[in-house]
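full-length UniProt numbering applies: residue 1 is where the sequence shown begins, and numbers increase by one.
We treat Cβ as the ideally placed atom computed from N, Cα and C, and that holds for glycine.
Okay, so here's the structure we're looking at.
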Amino acid sequence: MNTAGHPMLKTHGVHKSFTLHLQGGTTMPVLENVELTVNSGECVVLSGPSGAGKSTLMRSLYGNYRVGEGSILIRHQDSWVDLATADPRSILAVRRDTLGYVSQFLRVVPRVPTIEIVAEALTLRGADHAEAVTRARTLLLRLNLPERLHNLPPATFSGGEQQRVNLARGFIGGHPILLLDEPTASLDAINRDAVVGLVAEAKAAGTAILGIVHDLPTRDAIADRLFKLYPAQMAAA
Ligand SMILES: Nc1ncnc2c1ncn2[C@@H]1O[C@H](COP(=O)(O)OP(=O)(O)OP(=O)(O)O)[C@@H](O)[C@H]1O
Ligand SMILES: [Mg+2]
């Protein structure tokens, strides 16, 4: 199944600035005229110095931040949805069926067992519960999370264990577009390799992937190209 090559995510003229209320309402531009396309079957990695706006762009692409100008077009069920102007209900539909996101830190409802947290990402998309649990178990084992942890809530897990739960939850849904925010930051080499394998499989299945990855070996292993962001100019209020 090779569906590589058609655009899944496109931004045009994206601008975003923050208003600093603690500094007399000064406006700080962060994103200026961002033109980014991510195609099916490829992995694009955001690069640029600290403070350049990588996380801000990622949050904007997921609809967590409203951008000041421009469009964020997501290929959703054979049509384009502009997340810059979409209503909250459309944003939720896009997230459920099209746009997956692995955040840097796991945030979950307390006391829910790990296996259910991961399986839920699939049942939300209509899968049968038993099948979702089976797939969750397989994915967690592939990410070297021992079975004795699967029935415990992840609240007391180590940083790397929590990150692997987050990755399993992000990958299980099989979304056509996947955003990865530093998915390997807390992982050792063996687990980084497991993530590289998951990314390669997702790409082969046609997933469009956009990531922030700081460690160079992982970046080189998954990136088809880099998209560079430059720090924007500070403007006076
Ligand atoms: N909610 C916010 N309010 C005000 N300023 C913000 C906010 N979020 C980010 N910024 C500022 O926007 C700029 C870009 O931040 P961002 O976190 O996007 O950078 P980054 O490229 O992800 O950096 P890093 O590599 O260090 O993670 C920074 O100068 C930051 O201080
Ligand atoms: Mg960042």
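Asked: Among HIS6, PRO7, LEU124 and SER17, nearest to GLN233 - alpha-carbon criterion; Found: SER17
Asked: For GLY156, the nearest candidate out of LEU106, TYR65 and HIS129 (CA to CA); Found: Gly is not the amino acid found at residue 156; the sequence shown has Thr there. Checked all of LEU106, TYR65 and HIS129; the closest Cα to THR156 is LEU106.
Asked: Which residues DSSP lists as bridging ARG225, in chain order; Found: VAL44
Asked: Same chain only: Cβ atoms within 6 Å of LYS10, ignoring 5 sequence neighbours per side; Found: THR37 and LEU73
Asked: C-alpha distance - ASP215 paired with ALA189, whole-angstrom precision; Found: 11 Å
Asked: Beta carbon of LEU229 nearer than 8 Å to that of LEU83; Found: no
Asked: ASP82 in three-state terms, based on DSSP; Found: strand
Asked: Test item: CB-CB of PRO113 and ASN151 under 8 Å; Found: yes
Asked: Closer than 7 Å to ligand 2: residues, by C-beta to nearest heavy atom, in chain order; Found: LYS54, SER55 and ILE212
Asked: Proximity below 8 Å, CB of LEU167 to CB of VAL195; Found: yes
Asked: Exposure label - LEU61; buried when at least 16 CB within 10 Å; Found: buried
Asked: Where the alpha helix (DSSP H) through THR134 begins and ends; Found: 129-142
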